[in-house]
Structure formats: C-alpha cells, structure tokens
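Numbering (my numbering), first residue to last: 15 to 661. Note that the Cβ used here is the ideal one computed from N, Cα and C, for glycine as well. Since the structure is predicted, the reported quantities are computational estimates derived from the model, not experimental observations. Down below is the structure, laid out as structure tokens.
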DNA sequence: GTTCGCGGCGCC
DNA sequence: AAAGGGCGCCGCGAAC
C-alpha cells in the first residue's frame, strides 16, 4: 500500500460500540478495536488483526512477536502527522485508538460529516454501506455473510461459556459487537471494503465541498468541532450514585403508595403502559368520552386525559395512575439508564460519558444518547401534570474541586427569528430589552379595551402564536393551544400577521424558495434540502439550525479559549442553547465568565443583530439541580446594549 | 424468538 | 389545502 498522496482511509472493527464499559461490573471489557483496515487512494488495502479473548472480550495486542510488530506498524502509521486520515465517523476510530495508546495525528477527514454536509441532512441513513450503495453501487452483501457466520459462532460460543455481547451492555444489535467470533476471512472482507468505501466517498466529495464556500465553511466547522465533542465525551459528567439511590428509594415508595390507591380504586391487574388496556378501562368500562385521538384514530389515554378525568370527574384511579407513571418514568427513564452507563473514574467518582451525534438531526443540532443527557428532566421546565416532580438533576454535579458554569443564550430562537425576518416591532422589542411576548401582545392586541386587565392572557396567547409560527403550526394547532375555536384562532393569526408583517412575509419567502429551489441555506452556510411536501418546515429549519450553528461556533471558540488560557476547564454538555462547563475552583471568577460569554456572542453580525447576543450565566456548586443565576452579568449586557430608542 | 412501529414523554 | 420543529428511550404488541 503506497501512500504517495498521503491519503489513508481507515476503519476499526471493535468489540462493541460503548467504549466506556466497566470491567469490574460487567465482567468483560468495553469496546476495544481488534481489527484495522486501510485503503489508499488507489484502493490498495491493508488489514491488521488481533486476537480477542472470548472469556472477557479483551484484545491482546502483544501476544507474540508478530502481533507486537503489527501494533508498532499501526502506531507508526496512525501517529504520522504527514498522513491524512479519513474515516467514517472517525471520532469513534480515534477514540478506539486512544484507548490502546495510539494518538491519531495529522489532518483528519470524516465522510459521515461530508455526507451530512453534501446531502443537507436529508438522508434517512448515513451508514457507510447505504452510502456506498447509493453513491457507487458498491455491493453490500459482505455484512450479511459476516452476520450469518457470527450468529452461528455465537451459538457455539454460548456453550463454551464465552462472553457474548448482550443488548443490555452492547446496544440494540449485539451481533455486530461479536463479529470477531466469525471466521477472519469474512471479517477481513467486510473491514477492507469499509475502508475502500470510505476512500471512495472521500474522493467523490472532497473537491466538491472544498470548492463550495458554504459547504466548506460548514464542513470545516464540523471537523473542528469533532475534536471538541471528543474531549467533551472523554471527560464525562459526574454522576452521584448515592444521590441516585436516595432518589430511587423515594420514587419507589411513592409508586408503591400510588399503586395501592390504584388497586383500591379498580386498577388491580391493569397495565398502565398498555394503551389497549387503558382504552378498555376508561372508555369501554367507565364510559368516558375520549378527549384526544391518536394518529391512527384510536382514543388517546395520555397524561392530559388522565389529568382531566382526575380533576373533573374526581377519578381517583386516573390520578393514581398518573402519579405512579410519573414515578416509574423517573426510575426506568432516568435512574435505570444512569446505573447501566455509569463508569468508575476513581474511588470516589462515577462518570457518565454520553454519546453525542454531531451530524444527526437535519437542522444541524446535536443529538445525544447512551445516556441522553440532553433530556435530563428538570422540575422547573416541562408541562407538569403530576404532583410528583422529576428530579434526576440531583444526581449530577461538579467533580470535587470544580464548579459548573451554565451559560445559555436567552431566547436565541426568538432573536434569530426576529432578525432573519427583519420584523421591525419584534427587533425593536428585543433591542429595547422589553418583555418580548408582552411587547408582541401589546403590538397585536394593545388597542383592545380588555388588554390591560387581561394582560397575562394576551401575553400567553402571543407566546403560543410565536411558537406556532416557529414550528409551522396551523390554525388548528393554534386553536388547541389557545383553547379556542378554529374560527377564533384564525382571527388571532390574522391579527398577528397584520401587526407583525415581517414574520408572514419572511415565512412566505422561505417557503416559496424551498418550493422553487428545493433547498435553502442558513446564514452560517448550512444547506437544507426540503421535501416538497414539507416546505412549511423551512422556517423552522432556518431558525433552529442557525441557532445550532451559532452554538457550535461558540463551542469551538470556548474550547480554544480553554486550551490557550484556562487549562483544565472542560465543556461537559451541550443542550441546544446551553452549555455545562466544569471549571476548577481556583479559576472561578467573573473574568472567566465574561470571556466565555464573549465567545458565545461573536456571531451576532452574521445574522444582522446589531448587539452581542444576550447570554445568561448560572453556576452550580454541588448539584445540577441547584443553580444560581449571576444576575450582574445580565445587567452588564443590558446597561451596555439596551437602547431605549430606535431609529 | 426477534424486529419494528407506535404511543407516551423527557429535553430544547 | 394543510401540516407544530428537532431529538432518544421505554414499553407494548403486532408482524415477521
């Protein structure tokens, strides 16, 4: 395999997907690489394989002189900074290498990111094989054969007491994690073809991306960001098992109490999570009218229905079900996954390493899983339906000697929406530092005689309408949310559109553009290819996606700030418009906070906002649930940038 | 026995 | 003409 042009595609085969397992608790090693495949730009290949210990899934890189020399060869190749490394989701391969003491150096490229940039996030699947078939009609039967062989090997291995991959520890498709059990020819064919596919995609897309300023900008942003995401995942967020145990006890007791109440009110033997049984119970047996219907037209027994029956019919069963489901959700939706994924960092510290998908959602946002730390419930947000609140944030907090900073953009989607649409009244309300939804309400309905006395009602209506616009909701949705008839809702929408003409004009413009051209490009360069049947989503993609790219830029800058000036500060989590940052106590200062905020504000001009974006700052000393707002920083922004008049 | 779509609900 | 956007995870139960 010559490397004249210094291009090298590579792919690791690993014993699973989760690199953060816990040998002590699992009885087997977490995912480690056992095979490496390479392709140069002429599709010449190399393949290096190590043995997996079937009893504990450990990989032995040093079992013989031969394997030691293979390892040395690998290390030299991957650590050579003059060779350009190309991978499909290369962050994963880099992490696998890192775990075995190989630091991948030099320029990197990622065909997964390329695919996302080129297709504007519009594909359903960005798997290497699917892309290979789509772009190059690459045959993809290699995996089928490998999978079949693995299935057989697993059956045999089970009898021998091998540590087979399981759903609990290795995710939805454990067979994939056991490819090492199959005959090596099959594994080799599969691995080598993946490296070739990767090279092919790279060659097909590289120049196209580099020659297009928008695509190049997004691609380079994402590549830079991939290093930041890796650091964030590697660092991990501290999980507090003792807190979790306390919470578990509390919620279990609460659930038991509610189940007792349910039992004595006719709920014995009823499975609350079975929509079918619930319909039988509440609609057929009790004779209640369905309040909502599912997409398929069945009666919908959701939290809102139960709440309604509990409150309006005094139905104790409905209330108890609601409460017990709330407690169950806390346990099975939050506490259980955390227990599964927790990893011991040292004697005192347990950590969760979430898995971020940098190029998942169409809009350019992140998604997160294993566990999803973007959806950790907070008692203060969400629509509360139950007495019981979900408090999983009490099981997270800064490591010893650190404090958390939680900077967040204030109403970023509203700012982006207003300034992209150049809706004068809305921009003015923001620049004047007014209560935004209150100001919108006044603009739209301020002349009504009841406006003053019903201010909070009108404000709420304005807010709901704003979000309906943002999400592409129609009149029926407005009617539902404002608890009014479609006829009334239509009037609200018309009044809104008349008084805030910028919004409807902008929405029309984007929708038409999407219809005519099939795509739109956000101000930070990201392209969205829009399904002609869903052009109404264009505006949402613009607003949500622009906000996402603003935060992505900020993350890159903040990471660079930390590397340059504030060693040992770490971005831990990103939550769409918010970051969680771990800061050593010795650095804790307004100065550092201001510098972080400044890095988040630099993109204002890109979207025509004449002031730095407003950023709030909170700190958490002990638990994520216990945050303190640093109001003085918000005040500094207001004092400096709020203008009372606008020309 | 496994796979997959759906409903429900957590986050932004 | 009308359409709430973007995610991940759990549990159920029909389909395979």
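Return the chain-ordered list of same chain residues with a C-beta closer than 7 Å to the C-beta of residue i, the five sequence neighbours on each side being excluded.
i, result
"residue 606", "580, 597"
"residue 387", "251, 366, 368, 587"
"residue 10", "Coverage of the chain is limited to positions 15 through 661, which leaves residue 10 absent and any answer about it impossible."
"residue 142", "102, 208, 211, 212"
Closer than 6 Å by C-beta to residue i: which residues in its own chain qualify, once you throw out the five before and the five after it? Chain order, please.
i, result
"residue 60", "15, 52"
"residue 308", "314"
"residue 404", "344, 391"
"residue 351", "385"
"residue 107", "26, 101"
"residue 272", "334, 337, 338"
Alpha carbon to alpha carbon, how far is residue i from residue j?
i, j, result
"residue 585", "residue 249", "8 Å"
"residue 190", "residue 176", "16 Å"
"residue 610", "residue 359", "27 Å"
"residue 567", "residue 274", "52 Å"
"residue 160", "residue 201", "6 Å"
"residue 640", "residue 408", "8 Å"
"residue 164", "residue 178", "11 Å"
"residue 139", "residue 145", "8 Å"
"residue 661", "residue 608", "Low confidence applies here, because residue 661 scores a pLDDT of 45, under 50, leaving its location unreliable; read the following figure in that light. Approximately 29 Å between the Cα atoms of the pair."
"residue 28", "residue 63", "11 Å"
"residue 612", "residue 474", "32 Å"
"residue 593", "residue 574", "15 Å"
"residue 481", "residue 299", "38 Å"
"residue 430", "residue 589", "17 Å"
"residue 172", "residue 192", "12 Å"
"residue 636", "residue 465", "44 Å"
"residue 600", "residue 370", "29 Å"
"residue 1", "residue 259", "Nothing in the structure corresponds to residue 1, since the chain is present only between 15 and 661."
"residue 617", "residue 626", "8 Å"
"residue 88", "residue 115", "11 Å"
"residue 511", "residue 628", "27 Å"
"residue 167", "residue 195", "6 Å"
At what residues does the beta strand (DSSP E) containing residue i begin and finish?
i, result
"residue 418", "416 to 423"
"residue 750", "The structure shown does not extend to residue 750, since the chain is modelled only from 15 to 661, so the question has no answer here."
"residue 373", "No beta strand (DSSP E) contains residue 373, which DSSP labels as neither H nor E."
"residue 631", "629 to 634"
"residue 541", "541 to 543"
"residue 597", "593 to 598"
"residue 60", "59 to 63"
"residue 22", "21 to 28"
Between residue i and residue j, how many whole angstroms is the CB-CB distance? I'm expecting something under 8 Å.
i, j, result
"residue 213", "residue 57", "6 Å"
"residue 334", "residue 279", "6 Å"
"residue 188", "residue 110", "Incorrect: roughly 18 Å between the Cβ atoms, too far for contact."
"residue 713", "residue 401", "Residue numbering for the chain in the displayed model covers 15 to 661; residue 713 lies beyond these limits and cannot be assessed."
"residue 135", "residue 375", "7 Å"
"residue 458", "residue 514", "7 Å"
"residue 239", "residue 372", "6 Å"
"residue 93", "residue 121", "13 Å between Cβ atoms; not a contact."
"residue 569", "residue 552", "With a Cβ gap of about 26 Å, residue 569 and residue 552 do not count as contacting."
"residue 647", "residue 411", "Not confirmed; about 22 Å, so no contact."
"residue 97", "residue 124", "Wrong, their Cβ atoms sit about 16 Å apart, outside the cutoff."
"residue 517", "residue 483", "6 Å"
With respect to the alpha helix (DSSP H) encompassing residue i, which residues constitute its N-terminal and C-terminal limits?
i, result
"residue 192", "Run containing residue 192: none; DSSP gives neither H nor E here."
"residue 345", "It is not in any alpha helix (DSSP H) - residue 345 carries neither H nor E in the DSSP assignment."
"residue 449", "Careful: residue 449 lies outside any alpha helix (DSSP H) and carries neither H nor E."
"residue 510", "500 to 513"
"residue 104", "104 to 113"
"residue 212", "198 to 224"
"residue 352", "350 to 355"
"residue 259", "255 to 276"
In its own chain, which residues sit with a C-beta less than 8 Å from the C-beta of residue i, not counting the 5 before and 5 after it?
i, result
"residue 532", "543, 544, 546"
"residue 414", "362, 363"
"residue 229", "131, 132, 222, 223, 539, 541"
"residue 643", "630, 631, 632"
"residue 324", "330, 332, 333, 336"
"residue 70", "37, 41, 42, 43, 177"
Discussion item. Contact between the segment 637 to 653 and the segment 425 to 439 is defined here as three or more beta-carbon pairs at a separation below 8 Å; is this criterion met?
Written reply: no
Worksheet entry | Given 8 Å, three or more beta-carbon pairs between the segment 292 to 305 and the segment 432 to 446 | no
Discussion item. Using a Cβ distance threshold of 8 Å, determine whether the segment 115 to 135 contacts the segment 222 to 235, with at least three qualifying pairs required.
Written reply: yes
Worksheet item: Is the segment 470 to 485 touching the segment 445 to 456 in the sense that three or more CB pairs, one from each, lie closer than 8 Å?
Response: yes
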